[in-house]
Every structure is written in C-alpha cells, then in structure tokens.
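A.B. asks:
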Amino acid sequence: MKDEKKAPKLRFKGFTDDWEQCKLSDISEKSYEKNTDNKYSTVLTNSAEYGIVKQRDFFDKDIANSSNISGYYVVRKNYFVYNPRISNQAKFGPINRNKLDESGIMSPLYLVFTVHDIDESFLETLFQTTTWHRFMYQNGDTGARADRFAIKDSTFMSMPIKVPSLEEQHKLALAFQKLDQTITLHDQKLNLLKLVKQSLLQNMFI
3 MKDEKKAPKL RFKGFTDDWE QCKLSDISEK SYEKNTDNKY STVLTNSAEY
53 GIVKQRDFFD KDIANSSNIS GYYVVRKNYF VYNPRISNQA KFGPINRNKL
103 DESGIMSPLY LVFTVHDIDE SFLETLFQTT TWHRFMYQNG DTGARADRFA
153 IKDSTFMSMP IKVPSLEEQH KLALAFQKLD QTITLHDQKL NLLKLVKQSL
203 LQNMFI
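Just so we're aligned: the sequence shown equals residues 3 to 208 in the numbering used here.
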C-alpha cells in the first residue's frame with residue numbers, strides 16, 4: 003500500500019515538517035447556543051457563492067418568521083457554519099466562516115461550530131478546496147433529499163484534517179488573503195470599465 007503524503011509538494015521555502023492529521027473535533031466544537039429571548043434579530047444565510055451574509059441582503063427580504071427565531075443558533079464572528087444544501091457551486095454544501103462584524107442567527111438546519119488551536123483563515127481556505135469532499139461522499143447518509151446532503155453531526159465532526167505548524171498556517175492564510183484582495187481589485191476595475199463602455203455606447207450611438 004502506497005504511503006499517504008505527509009505534506010504537499012508546493013510549499014513556502016523553509017518549511018519541511020510533515021503536516022499532522024487530526025479530526026475536525028480535535029480543533030473545533032459544535033455550538034449549541036440558541037437565540038434565547040430573541041436577543042438577536044439579524045438572520046444570516048450561508049451562501050455557496052458569497053459566504054455568510056445577511057438574509058435580507060441575499061434575498062432582498064426576510065425569509066425567517068420573527069415569531070420562531072428563538073430556536074435559531076447564534077453565529078458570532080469567526081464561527082464556522084456548514085450548510086447541507088447542495089448546489090452547483092457546492093457539491094456537498096458550503097462551509098464558511100462568519101466574517102461579518104456582528105453576530106447573527108441561523109436556522110437549526112445548519113451546523114454551527116467554533117474552532118481553536120488553528121488559524122481560522124487557514125481552515126477557511128482549506129474548506130474552499132475539495133480535499134474534504136471524499137470524506138463527505140464516503141460518510142454521507144443514503145436516502146437524502148435531492149437538494150440536501152445528509153450527514154450526522156457527529157460524523158461530520160470526525161472529518162480528517164491535515165494541518166501544518168501554526169507559522170506555516172499563518173503564511174498560507176496571508177498569501178491567499180492577498181490573492182483574494184488582488185482578485186477583488188481587478189473585479190472592481192473590470193466593473194468600472196464595463197460602466198465606461200456602456201456610457202460611451204449610449205452617448206456615441208444616439
């Protein structure tokens with residue numbers, strides 16, 4: 003049997019140690035905090051395309067019924083959320099981190115968890131890959147709804163995760179954050195050029 007790779011081939015200079023494998027439950031805990039007494043009113047949604055956003059911004063209206071949100075889970079800043087809803091962008095559902103500057107609430111259909119002893123941005127980046135998809139495929143329950151992936155919370159939390167040293171985690175996370183910032187800047191420039199083009203078309207061909 004071929005030995006499993008202990009580290010990726012492409013690495014930053016100076017890092018040679020093996021990546022350690024652990025379970026998601028070793029670095030995280032499921033959150034059970036409910037919205038008791040309706041303390042929070044900002045309902046969030048976990049979108050495959052946009053991440054964790056306010057439900058009102060995503061749907062242009064509130065979907066949740068304000069009379070039954072006391073049973074919703076509280077999602078504080080930097081909490082992670084697994085949404086089992088399947089889409090073209092998320093074959094097994096998206097896992098995202100709440101990067102909003104406020105706490106909100108989510109339907110109990112979602113799995114909310116906190117993390118420790120790991121760089122949050124590194125873990126977020128890992129969940130943007132497909133490395134965890136095989137585990138989901140092998141451990142999901144049969145008979146699931148067509149639009150939702152079924153997996154027990156305890157099984158989900160046993161997902162194997164490979165992690166490097168904290169120093170390498172920080173370096174990787176920072177590199178991908180800079181890439182995301184560059185992509186955003188180019189997207190903004192592209193959108194501006196499209197507006198300029200549209201304005202020229204409207205004014206030059208009247």
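C-beta atoms are modelled at their ideal positions from N, C-alpha and C, and glycine is treated no differently. Everything numeric in this text was worked out from a predicted model, so none of it was measured.
1. Run through DSSP, which three-state label would N40 get?
2. Is the beta carbon of I88 closer than 7 Å to that of D39?
3. Can you say whether Q171 is buried or exposed, counting buried as having 16 or more other CB atoms within 10 angstroms of its CB?
4. Along the alpha helix (DSSP H) that carries Q23, what are the first and last residues, could you check?
5. Which word fits A152, buried or exposed, when buried means at least 16 other C-beta atoms lie within 10 angstroms of its C-beta?
6. How many angstroms separate the CA atom of V55 from the CA atom of D103?
7. Excluding the 5 residues flanking D24 on each side, which residues of the same chain have their C-beta closer than 7 Å to its C-beta?
8. Does I97 come out as helix, strand or coil in the three-state DSSP assignment?
9. In terms of residues, what are the limits of the alpha helix (DSSP H) holding L174?
10. Identify, in the order they occur along the chain, each residue of the same chain with its Cβ nearer than 6 Å to the Cβ of I97, setting aside the five sequence neighbours on each side.
11. Locate the alpha helix (DSSP H) running through Y139, then write down its first and last residues.
12. At which residues does the alpha helix (DSSP H) containing E122 begin and terminate?
13. Mapping the DSSP letters down to three states, classify F82 as helix, strand or coil.
14. Taking the DSSP output, what are the residues bridged to K32?
15. Exposed or buried, S30, counting other C-beta atoms within 10 Å across all chains shown (16 or more means buried)?
16. In angstroms, rounded to a whole number, what distance separates the CA positions of K11 and Q200?
17. So, helix, strand or coil for M3, using DSSP?
C.D. replies: Answer, in terms of the structure:
1. helix
2. no
3. Counting Cβ neighbours within 10 Å, Q171 comes out buried, since at least 16 surround it.
4. No alpha helix (DSSP H) contains Q23, which is instead part of the beta strand (DSSP E) from 22-25.
5. exposed
6. 11 Å
7. A small fix is needed here, since residue 24 is Cys in this sequence, not Asp. Correct list, in chain order: I163, V165.
8. It is a strand residue.
9. Where L174 is concerned, the enclosing alpha helix (DSSP H) stretches over 168-206.
10. Non-local C-beta neighbours of I97 in its own chain, meaning closer than 6 Å and more than five positions away in sequence, comprise Y84, F129, ordered along the chain.
11. Counting along the chain, Y139 sits inside the alpha helix (DSSP H) bounded by residues 135-141.
12. 122-128 is the span of the alpha helix (DSSP H), which, as asked, contains E122.
13. strand
14. F115
15. buried
16. 46 Å
17. Bear in mind that the predicted position of M3 carries a pLDDT of just 37, short of 50, making it unreliable; the figure below should be weighed with that in mind. In the three-state reduction of the DSSP assignment, M3 falls in the coil class, being assigned neither a helical nor a strand state.
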